[in-house]
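Report on one structure; see the data block that follows.
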Amino acid sequence: MTLPDHAIVSVPATTTNIGPGFDCLGAALSLRNHFTFTRLDQSIEPVQISVSGLEAARVKTNETNLAYQAFAKLFQHLKQSPPLIKLEIRLGVPLARGLGSSATAIVGGLVGANVLAGSPLSEAELVAIAVDMEGHPDNVVPAMLGGCRLAATDLNGEWAIAPVPWHSEIVPVVAIPDFELSTAEARRVLPAAYSRPDAVFNMGHLGLLLRGLDTAHSDWLRAALQDRIHQPYRRSLILGFDAVEAAAVAAGAYGLVISGAGPTLLALAHADIAPLVAEAMKAAWEDQGISVQAQALHLDPTGVSVQV
1 MTLPDHAIVS VPATTTNIGP GFDCLGAALS LRNHFTFTRL DQSIEPVQIS
51 VSGLEAARVK TNETNLAYQA FAKLFQHLKQ SPPLIKLEIR LGVPLARGLG
101 SSATAIVGGL VGANVLAGSP LSEAELVAIA VDMEGHPDNV VPAMLGGCRL
151 AATDLNGEWA IAPVPWHSEI VPVVAIPDFE LSTAEARRVL PAAYSRPDAV
201 FNMGHLGLLL RGLDTAHSDW LRAALQDRIH QPYRRSLILG FDAVEAAAVA
251 AGAYGLVISG AGPTLLALAH ADIAPLVAEA MKAAWEDQGI SVQAQALHLD
301 PTGVSVQV
């Protein structure tokens, strides 16, 4: 069997939690990172890495690079030594903003390694390794599979992944501020335990959100985006949250939530008014003295893609 020497792997950004879906619900968005893996016959180093695009200078270019760590982990899983490679990364997903940039690296590295190894692992096996590396499924699952996905464990502790229908009239609108919020800090502020009423509240609202996303029922969506698990504790970490939320709702959005751990904010809006919602969110944050990029995106249906 002749193994491929070259693979280009493209991985979408993700938005997760989406209000009440903490650590289990995520969706792939129309921003992408690209990873090109080329096998080398010889090299002084195990990997040669070059990075271009958004904030490229901040990405590590040695063996600690997350995409390379994922690449090497797959070969370790196969009980093989990773081949010498050149890795070229082109960034289109902002770093440390709550849009799954780390998940793109994990998925990109695993899929690239699987291709160069002759594709011995199934999609489900790749997902399991990705979740193990990330720690939770909500980013890596939609990055791998595309669309909106709900992930939970089955009776055997394996991942059961359900596609979530997302109505074509619902548009994700993101506002990405020019500051960061570390996932570690965003998790530190969460309580160690929750009350029964809060748990029941989130279960009911997650169910309502799934129905709202499927039907574009405006009243259901407006109610469903409420959460008591993470957003009440994290919103104070995001300067200007209240103003951006008020602006989005005033412009006609169904509601506004924190994308992942933040600080990017996600509004859901009808397609007819999505550009207006983006403008309102941008203006509200700029009024707080914060530089921001805001845009209406769309759901990415394909997830990771590969050219060999």
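Residue numbering for the sequence shown follows full-length UniProt numbering, beginning at 1 and increasing consecutively.
The beta-carbon is built from N, C-alpha and C at its ideal position, and this holds for glycine as well.
Remember, it's a predicted structure, so these values are computed and weren't measured experimentally.
Residues sharing a beta bridge with residue i, DSSP
i	result
His-270	Ile-170
Arg-222	In DSSP, Arg-222 forms no bridge with anything.
Val-292	Pro-177
Leu-25	Leu-150
Ala-7	Phe-37
Val-306	Val-9
Val-257	Leu-266
Arg-32	Pro-12
Asn-17	Gly-21
Leu-299	Leu-29
Whether residue i touches residue j by CB criterion (8 Å)
i	j	result
Gly-303	Pro-94	no
Val-257	Asn-65	no
Pro-301	Gly-147	yes
Arg-58	Pro-263	no
Ala-13	Gly-100	yes
residue 341	His-34	The requested residue 341 does not occur in the structure, where the chain is confined to residues 1 to 308.
residue 310	Trp-220	Residue 310 falls outside the range modelled here, since the chain spans only 1 to 308, and no answer is possible.
Leu-190	His-230	yes
Ile-89	Ala-103	no
Ala-250	Met-281	no
Arg-234	Ala-186	yes
Gln-288	Ala-243	yes
Tyr-254	Leu-225	yes
Asp-138	Asp-5	no
Trp-166	Leu-213	yes
residue 325	Ala-70	It is not possible to answer for residue 325, since the shown part of the chain is limited to 1 through 308.
Ser-259	Thr-15	yes
Pro-83	Ala-72	no
Val-164	Arg-149	yes
Ala-261	Leu-181	yes
Pro-127	Glu-134	Looking at the sequence provided, one finds Val at residue 127 rather than Pro. For Val-127 and Glu-134, no; Cβs fall outside 8 Å.
Val-32	Ile-85	According to the sequence shown, residue 32 is Arg rather than Val. Cβ distance not < 8 Å, so Arg-32 and Ile-85 don't count as in contact.
Distance between beta carbons of residue j and residue i, contact taken as under 8 Å
i	j	result
Val-107	Met-144	5 Å
Asp-227	Asn-202	6 Å
Leu-74	Val-47	Leu-74 to Val-47, Cβ: 14 Å. No contact.
Leu-121	Leu-91	Leu-121 to Leu-91, Cβ: 26 Å. No contact.
Ser-30	His-205	Going by Cβ atoms, the distance from Ser-30 to His-205 rounds to 26 Å, so no, they are not a contact pair.
Ala-296	Gly-240	20 Å between Cβ atoms; not a contact.
Test: residue i CB closer than 8 Å to a CB of chain C
i	result
Glu-158	Of the chains in the structure shown, none is chain C; there is only one protein chain.
*Would you be able to state if there are at least three C-beta pairs under 8 Å between the segment 275 to 291 and the segment 173 to 181?*
They touch, by the three-pair rule.
_So, does the segment 299 to 308 touch the segment 266 to 275, judging by three or more C-beta pairs under 8 Å?_
Counting Cβ pairs under 8 Å, fewer than three are found: no touch.
*Kindly provide the ranges of any alpha helix (DSSP H) runs that are 4 or more residues long and lie completely inside the segment 132 to 217, ordered along the chain.*
Listed in chain order, the complete alpha helix (DSSP H) runs (minimum 4 residues) inside the segment 132 to 217 are 140 to 145, 183 to 188, 196 to 215.
*asked:* Please give me, in chain order, every unbroken run of the alpha helix (DSSP H) with length at least 4 that falls completely inside the segment 37 to 99.
replied: Secondary structure within the segment 37 to 99: the alpha helix (DSSP H) runs of 4 or more consecutive residues, fully enclosed, are 66 to 77 (chain order).
*Should the segment 75 to 93 be called in touch with the segment 111 to 130, which here means at least 3 C-beta pairs below 8 Å?*
Contact between the segment 75 to 93 and the segment 111 to 130 is present: 3 or more CB-CB pairs across the two stretches fall below 8 Å.
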